[in-house]
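Heads up, the sequence shown is in the UniProt record's numbering, so the first residue is 1 and it goes up one at a time. Where a beta carbon is used, it is the ideal one built from N, C-alpha and C, also for glycine.
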Amino acid sequence: MGPKGGQSVTTAPSFTVAYIGLKTRFKHSNHHNITMSYEGRGEQPVPPRGGHVPFDDDDDDFTGAAEHAKRNAGGDGDIFSSVIGSFLGKKNQLANEPVDEEAAVNHHKKLYGGEDDGGEHDSSSMGNAAALQALKMFSGGGGSSGGSSKSEFIGLAMSEASKLFEQQSAAGKVSSDSSKESAVQQAGEMALKMYLKSKGGGESGGGSSGLLSLASKFILPDSYQTISLPAVRLSHHPPSSKSVTPIIMVILNRPKHKNAFNGDMIESLEKAFGTLSSDPRVKCIVFTGSDPENKIFCAGMDMFTPLSTKDANDGPPDALGSVTRDTHRDGGGRVSLAIYRCQKPVIAALNGSAVGVGITMTLPCHIRVAAAQSRVGFVFARRGLVMEACSSFFLPRLVGAARALHLVTTGAVYRPTDRVLDGLFTEVVDDAAGVLPRALQLAEGVARDCSVVSVVTMRDMIFRGPGTAEEAHLLESKLLYDRFRSADVAEGVTSFLEKREPRFQETMEENAPSVYPWWEDKLKGPQSKL
Numbered sequence: 001m002g003p004k005g006g007q008s009v010t011t012a013p014s015f016t017v018a019y020i021g022l023k024t025r026f027k028h029s030n031h032h033n034i035t036m037s038y039e040g041r042g043e044q045p046v047p048p049r050g051g052h053v054p055f056d057d058d059d060d061d062f063t064g065a066a067e068h069a070k071r072n073a074g075g076d077g078d079i080f081s082s083v084i085g086s087f088l089g090k091k092n093q094l095a096n097e098p099v100d101e102e103a104a105v106n107h108h109k110k111l112y113g114g115e116d117d118g119g120e121h122d123s124s125s126m127g128n129a130a131a132l133q134a135l136k137m138f139s140g141g142g143g144s145s146g147g148s149s150k151s152e153f154i155g156l157a158m159s160e161a162s163k164l165f166e167q168q169s170a171a172g173k174v175s176s177d178s179s180k181e182s183a184v185q186q187a188g189e190m191a192l193k194m195y196l197k198s199k200g201g202g203e204s205g206g207g208s209s210g211l212l213s214l215a216s217k218f219i220l221p222d223s224y225q226t227i228s229l230p231a232v233r234l235s236h237h238p239p240s241s242k243s244v245t246p247i248i249m250v251i252l253n254r255p256k257h258k259n260a261f262n263g264d265m266i267e268s269l270e271k272a273f274g275t276l277s278s279d280p281r282v283k284c285i286v287f288t289g290s291d292p293e294n295k296i297f298c299a300g301m302d303m304f305t306p307l308s309t310k311d312a313n314d315g316p317p318d319a320l321g322s323v324t325r326d327t328h329r330d331g332g333g334r335v336s337l338a339i340y341r342c343q344k345p346v347i348a349a350l351n352g353s354a355v356g357v358g359i360t361m362t363l364p365c366h367i368r369v370a371a372a373q374s375r376v377g378f379v380f381a382r383r384g385l386v387m388e389a390c391s392s393f394f395l396p397r398l399v400g401a402a403r404a405l406h407l408v409t410t411g412a413v414y415r416p417t418d419r420v421l422d423g424l425f426t427e428v429v430d431d432a433a434g435v436l437p438r439a440l441q442l443a444e445g446v447a448r449d450c451s452v453v454s455v456v457t458m459r460d461m462i463f464r465g466p467g468t469a470e471e472a473h474l475l476e477s478k479l480l481y482d483r484f485r486s487a488d489v490a491e492g493v494t495s496f497l498e499k500r501e502p503r504f505q506e507t508m509e510e511n512a513p514s515v516y517p518w519w520e521d522k523l524k525g526p527q528s529k530l
């Protein structure tokens, strides 16, 4: 880590809920309320999908859920303990039941979104609405700092159902066959199914990050420019657009500190890329830095912050208040993985110098554009450190093993045009002020002309492809089989024949190839032969 030194989209009617973003173990945990909407849900409802997610040992642990519910709702906690007890007998059944997302959204609109038609509500509708409300609250930082995310989330859902039942009962809007216990039961079961679904997302799913990804599907901001994130700023393209645009800029925003990398930046970048990944209105992301003079993209780790693992971990603190070797998670790696797992094309516009994590966190991006006069350095050996931000995986794949070894062995800084960096930047712009405009020009072409599903799938084919030509042939054949039957391919062919711009609508969340993600053993089945 280095030293410090288009076209807008109209949104649907909205209501106010807490901002997407799970609390992590950082000192900064401000909560901001912004306006959200159900954009696109009415036009393209998401069909119910099953889980088929096996339980692991931790899934039997509901410690603290009843206590969280009692603390949030008040009153007698026996009802919550009773509901929790019933989970143990139904866990495998719940694991394989679908989450009816469309129904949950509709119930939430009526009970929390100001669209109540004045009719009565049953236990199922109140429970579903309460579970979705809990997801919104929890992913907005509504959970406390103690307890597991699962226990907090399920407890919050049950407490919301309890309060909602009392509210609707006082208004005389509860059906005669409903009870508080059954509403709480429905909310708890729905929350558990949501949790299990968040775990089903493979390596990006599970726990807090998985719930964040799931929440992003339900909660879409009317504007990214109104979102306040520490150390990071989001902007539409063009910035004058008040509603979400197909291209969103993610901007490092510590110009007085040379955009040095710190804990706030880690948390904010994870939130930003996680949320944008699930927004169907977003077609491409441009990642850049705020520097009026265009001299610095990111100066690396903030050396004025004490070198510590305390604020950059995903695991629990040990008795001494720090973390263990097994629980520590490199902050740069967390950001790189957030970009790598983002289901949208990402273009890095390095409008100035980048060293250490300032360059390594851009390696998962699809495209990197740099300024000719800037400097780039993998300076770890000169600080007594080692490669981070998953750079030991990405760097040799981008520049080759020989150049990667040269870069990390010398720890020197280089111009983007130096031969040792061949392959890292696909474009080098003479004037630093022209880096962002060029990156946005590339993004406009990608957003306008390319299928997001195709672009993201091909990136993963390159980085996660099999090890032999024969295996690559089999994988490509399966992927092509699925794509030939897709709406985007039909649109691509039709637009070509009609000599017009394509209107691709598919997303990875809803239209990924059936074998995706193939690296999670989804290619198992009858053996294919060449």
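By the 10 Å Cβ neighbour count, where 16 or more other Cβ atoms means buried, how is Phe165 classified, buried or exposed?
Along the sequence shown, one-based indexing puts residue 165 at 165. Classification of Phe165: buried, given that the 10 Å Cβ count is 16 or more.
Buried or exposed: which applies to Asp78, given that a residue is buried once 16 or more other Cβ atoms fall within 10 Å of its Cβ?
In the sequence shown, counting from the first residue as 1, residue 78 sits at position 78. With fewer than 16 Cβ atoms within 10 Å of its Cβ, Asp78 is classed as exposed.
Presumed contact (8 Å Cβ cut-off) between Tyr414 and Val376, rounded CB distance:
Here the question's residue 414 lines up with position 414 in the sequence shown. Here the question's residue 376 lines up with position 376 in the sequence shown. That pair is a contact at about 6 Å.
If the criterion is Cβ atoms closer than 8 Å, does the pair Ala487 and Glu510 meet it?
The residue given as residue 487 occupies position 487 in the sequence shown. The residue given as residue 510 occupies position 510 in the sequence shown. No.
Alpha-carbon to alpha-carbon, Arg464 and Val515:
Residue 515 sits at position 515 when you count from the first residue of the sequence shown. Residue 464 sits at position 464 when you count from the first residue of the sequence shown. Near 13 Å, if we compare the C-alpha coordinates of Arg464 and Val515.
Near Ser182, what residues of its chain come up, given a Cβ to Cβ distance below 7 Å and the 5 sequence neighbours on each side ignored?
Here residue 182 is taken as the residue at index 182 of the sequence shown, counted from 1. Same-chain partners within the cutoff: Ser123.
Give me the Cα-Cα distance between Asp422 and Ala404, rounded to the nearest whole angstrom.
Within the sequence shown, numbered from 1, the residue matching residue 422 stands at position 422. Within the sequence shown, numbered from 1, the residue matching residue 404 stands at position 404. Near 10 Å, if we compare the C-alpha coordinates of Ala404 and Asp422.
Can you give me the C-alpha to C-alpha distance between Ser336 and Arg281, rounded to a whole angstrom?
Working through the sequence shown from its first residue, we reach residue 336 at position 336. Working through the sequence shown from its first residue, we reach residue 281 at position 281. If I take the Cα positions, the gap works out to 23 Å.
Proximity below 8 Å, CB of Leu234 to CB of Cys298
On the sequence shown, residue 234 is found 234 positions in, with the first residue counted as 1. On the sequence shown, residue 298 is found 298 positions in, with the first residue counted as 1. No, Cβ-Cβ distance for Leu234 and Cys298 is not below 8 Å.
Ser198 versus Met361 - alpha carbon distance
The sequence position of residue 198 within the sequence shown is 198, counting from 1. The sequence position of residue 361 within the sequence shown is 361, counting from 1. For Ser198 and Met361, the distance between alpha carbons rounds to 25 Å.
Integer-rounded CB distance, given that Leu442 should sit under 8 Å from Leu424:
Here residue 424 is taken as the residue at index 424 of the sequence shown, counted from 1. Here residue 442 is taken as the residue at index 442 of the sequence shown, counted from 1. Not confirmed; about 16 Å, so no contact.
What residue range is occupied by the uninterrupted beta strand (DSSP E) comprising Ser288?
Along the sequence shown, read from residue 1 onward, the residue named residue 288 stands at position 288. Here residue 288 is Thr; the residue named in the question, Ser, does not match the sequence. From DSSP, the beta strand (DSSP E) with Thr288 extends over 284-289.
Please work out which residues of its chain come closer than 7 Å, Cβ to Cβ, to Ser81, disregarding the five sequence neighbours upstream and downstream, and give them in chain order.
Along the sequence shown, read from residue 1 onward, the residue named residue 81 stands at position 81. Closer than 7 Å at the Cβ level, and outside the excluded window around Ser81, lie Ala66.
By how many angstroms is the C-alpha of Ala512 removed from the C-alpha of Asn259?
For the purposes of this step, residue 259 is taken as the residue at position 259 of the sequence shown. For the purposes of this step, residue 512 is taken as the residue at position 512 of the sequence shown. Each residue's alpha carbon lies about 35 Å from the other.
Spatial distance of Pro238 from Glu444 (CA atoms):
Taking the sequence shown and counting its residues from 1, one reaches residue 238 at position 238. Taking the sequence shown and counting its residues from 1, one reaches residue 444 at position 444. Roughly 11 Å separates the two Cα atoms.
Once DSSP output is grouped into helix, strand and coil, what is the label at Met387?
Translated into positions along the sequence shown, residue 387 becomes position 387. In the structure shown, Met387 sits in coil (DSSP, three-state: anything other than H, G, I, E or B).
Considering only their Cβ atoms, is the gap separating Gly356 from Phe380 smaller than 8 Å?
On the sequence shown, residue 380 is found 380 positions in, with the first residue counted as 1. On the sequence shown, residue 356 is found 356 positions in, with the first residue counted as 1. Their beta carbons are under 8 Å apart, which means Phe380 touches Gly356 by this criterion.
Nonlocal neighbours in the same chain, by C-beta distance under 8 Å from Asp449, ignoring five residues either side
By one-based count along the sequence shown, residue 449 stands at place 449. Once the five neighbours on either side are set aside, the close Cβ partners of Asp449 are Glu501, Pro502.
Name, in chain order, the residues that DSSP records as bridge partners for Phe261.
Counting from one through the sequence shown, the residue named residue 261 turns up at place 261. Bridge partners of Phe261: Met301.
Give the list of continuous alpha helix (DSSP H) stretches no shorter than 4 residues that lie fully inside the UniProt domain "DUF7721" (61-142).
65-73, 78-87, 91-95, 101-112, 123-137
Identify, in the order they occur along the chain, each residue of the same chain with its Cβ nearer than 7 Å to the Cβ of Gly333, setting aside the five sequence neighbours on each side.
On the sequence shown, position 333 is the one that residue 333 refers to. The residues are Glu388, Ala389, Cys390.
C-beta contact flag for Leu111 and Leu192 at 8 Å
By 1-based counting over the sequence shown, the position of residue 111 is 111. By 1-based counting over the sequence shown, the position of residue 192 is 192. Result no, Cβ atoms of Leu111 and Leu192 do not sit closer than 8 Å.
Mind checking which residues open and close the beta strand (DSSP E) that includes Leu350?
In the sequence shown, counting from the first residue as 1, residue 350 sits at position 350. Segment 346-350, the beta strand (DSSP E) holding Leu350.
Using only the alpha-carbon positions, how far apart do Gly434 and Lys163 sit?
Looking up residue 434 in the sequence shown gives position 434. Looking up residue 163 in the sequence shown gives position 163. Whole-angstrom Cα-Cα distance: 55 Å.
Burial state of Thr288, where buried means 16 or more other Cβ atoms lie within 10 Å:
What you label residue 288 is simply residue 288 of the sequence shown in a count that begins at 1. Flag for Thr288 reads buried.
For Gln185, which option in Gly85, Ala372, Gln373 has the closest C-alpha, if you only look at C-alpha atoms?
Reading the sequence shown from its first residue, position 185 is the one you call residue 185. Of the candidates Gly85, Ala372, Gln373, the one whose C-alpha sits nearest the C-alpha of Gln185 is Gly85.
Look at the alpha carbon of Lys283 and the alpha carbon of Tyr340, and state the distance between them as a whole number of angstroms.
The residue you call residue 283 lines up with position 283 of the sequence shown. The residue you call residue 340 lines up with position 340 of the sequence shown. So the two alpha carbons sit approximately 16 Å from each other.
Have a look at Val408, Val429, His68 and flag the residue whose alpha-carbon is nearest the alpha-carbon of Asn294.
The residue labelled residue 294 in the question sits at position 294 within the sequence shown. Asn294 has its Cα closest to that of Val429, out of Val408, Val429, His68.
Residue burial classification, Ser151 (beta-carbon count within 10 angstroms, cutoff 16):
As a working note, residue 151 is residue 151 in the sequence shown. Answer is buried; the Cβ neighbour count reaches 16.
Can you tell me whether Tyr481 is buried or exposed? The criterion is at least 16 other CB atoms within 10 Å of its CB, across all chains shown.
As a first step, residue 481 must be located in the sequence shown, where it is residue number 481. Classification for Tyr481: exposed.
Could you spell out the range, first to last residue, of the alpha helix (DSSP H) harbouring Ser339?
For the purposes of this step, residue 339 is identified with residue 339 of the sequence shown, where counting begins at 1. Residue identity check: residue 339 is Ile in the sequence provided, not Ser. Looking at the DSSP string, the run of the alpha helix (DSSP H) that includes Ile339 is 331-340.
Assign His121 to buried or exposed, taking buried as 16 or more other Cβ atoms, counted over all protein chains shown, within 10 Å of its Cβ.
Within the sequence shown, residue 121 is the residue found at index 121, counting from 1. Buried, since its Cβ has 16 or more Cβ neighbours within 10 Å.
Please report the Cβ distance between Pro255 and Pro230, rounded to the nearest whole angstrom; I am assuming they are in contact, meaning their Cβ atoms lie under 8 Å.
As a position in the sequence shown, residue 255 is number 255, starting the count at 1. As a position in the sequence shown, residue 230 is number 230, starting the count at 1. In fact, because the Cβ distance is near 14 Å, the residues do not count as touching under 8 Å.
With a cut-off of 8 Å on the beta carbons, I'd call Val83 and Met190 a contact; round off their distance for me.
Numbered from 1 along the sequence shown, position 83 holds the residue referred to as residue 83. Numbered from 1 along the sequence shown, position 190 holds the residue referred to as residue 190. Going by Cβ atoms, the distance from Val83 to Met190 rounds to 12 Å, so no, they are not a contact pair.
Counting only the same chain and skipping the five closest in sequence on each side, list residues whose C-beta sits under 6 Å from that of Ala131.
Taking the first residue of the sequence shown as position 1, residue 131 is located at position 131. Around Ala131: Ala157, Ala187, Met190, Ala191.
Between the Cα of Glu101 and those of Ala432, Ile296, Leu135, Glu471, spot the shortest distance and give me the residue it belongs to.
Translated into the one-based positions of the sequence shown, residue 101 becomes position 101. Selected option, being the one with the closest Cα: Leu135.
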